[in-house]
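Residue numbers (this note's numbering), protein chains in the order written: chain A, 1 to 136; chain B, 1001 to 1107. By construction, the Cβ of each residue, glycine as well, lies at the ideal position given by its N, Cα and C atoms. The block underneath contains the structure these notes are about, expressed in structure tokens.
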């Protein structure tokens, strides 16, 4: 492994999209639009709102952490007892929007701002990092 | 989301089981008795967790006389690392769908 385990255990996708942040924001926050590109859901852009994302393979339990219209959206993402965080960042560019998605929170140093967070997996990943370092 | 990792994740989702596995990783091979001494649960419970870990390929057992020794199989964790690259694939395809949707949406 060239990356550390911690780097491998978070996902960042970033794209420049030729539409203004306001339009992308609608796609990220309106349930009938979210369903079209992500999953069925009962999302509301309200901090602390709990919602599910549902697909044929199962459901993801989520809770809204942060909403800053047209700029930032963040929610927890829990599946398999593993709690992680998805954060969207929209930055206007001359021709559209730089859209960034970071799916992280597996890292032990991640601040768990929401209630009910279990430290167990975080601790485990910390241990895993040490183990993988040893294997290298 | 990749179903192939369900077993690994659900196996390690149990905190007691995860702690047992972690300990085997850290301290090397152990007997059921040695594991029970610090597990905070009964020996039958520990044995049951070890069976589940073994089914998931996370531990291996070795019989020596009347004792069974368990050791962690770190290779079994590989899907956990692969999982993030699969999640990256998942999100890339969602971005594709999102861009398609934006094209269809009214201005």
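Practice item. Report yes or no: do the stretch 1080 to 1099 of chain B and the stretch 1039 to 1056 of chain B share at least 3 C-beta pairs separated by less than 8 Å? Key: No, because fewer than three Cβ pairs between the stretch 1080 to 1099 of chain B and the stretch 1039 to 1056 of chain B fall closer than 8 Å, the two stretches do not touch.
Point to revise | Residue nearest to residue 67(A) in terms of C-alpha spacing, selected from 96(A), 83(A), 28(A) and 53(A) | key: Ranking 96(A), 83(A), 28(A) and 53(A) by CA distance to the CA of residue 67(A) puts 28(A) first.
Point to revise | Residues that residue 1097(B) contacts on chain A, provided the C-beta gap is smaller than 9 Å | key: Within 9 Å of the CB of residue 1097(B), the CB atoms of chain A belong to 36, 37 and 38, in sequence order along the chain.
**Study point:** Inter-stretch contact (C-beta, 8 Å, three-pair minimum) for the stretch 21 to 41 of chain A and the stretch 53 to 68 of chain A
**Key:** Note that the stretch 21 to 41 of chain A touches the stretch 53 to 68 of chain A; at least 3 beta-carbon pairs, one per stretch, sit closer than 8 Å.
Check your understanding: From residue 1010(B) to residue 1017(B), what distance separates their C-alpha atoms?
Key -> Each residue's CA atom was taken as its position, placing residue 1010(B) and residue 1017(B) some 10 Å apart.
Practice item. Report all residues from its chain with a CB closer than 6 Å to the CB of residue 89(A); omit the five preceding and five following residues, and keep chain order. Key: Excluding residues within five positions, the ones whose Cβ falls inside 6 Å are 72 and 100.
Exercise for review: Indicate whether at least one CB of chain B lies closer than 9 Å to the CB of residue 33(A).
Suggested key: At least one chain B Cβ lies under 9 Å of residue 33(A).
**Study point:** Short CB-CB distance (under 9 Å) between residue 46(A) and chain B
**Key:** It does not: the Cβ of residue 46(A) has no partner Cβ on chain B nearer than 9 Å.
**Study point:** Cβ shell of residue 1025(B) (< 8 Å), same chain only, five flanking positions each side left out
**Key:** Closer than 8 Å at Cβ, skipping near neighbours: 1072 and 1074.
Exercise for review: Run the CB neighbour count on residue 47(A), radius 10 Å, all protein chains shown included, and call it buried at 16 or more, exposed below.
Suggested key: In the assembly as shown, residue 47(A) is an exposed residue. Its beta-carbon has fewer than 16 other beta-carbons within 10 Å.
**Study point:** Cβ shell of residue 50(A) (< 6 Å), same chain only, five flanking positions each side left out
**Key:** Around residue 50(A): 63.
Review point. Within 9 Å (strictly less), CB to CB, does residue 11(A) reach chain B?
Key: Yes, residue 11(A) lies at the interface with chain B (some Cβ there is under 9 Å from its Cβ).
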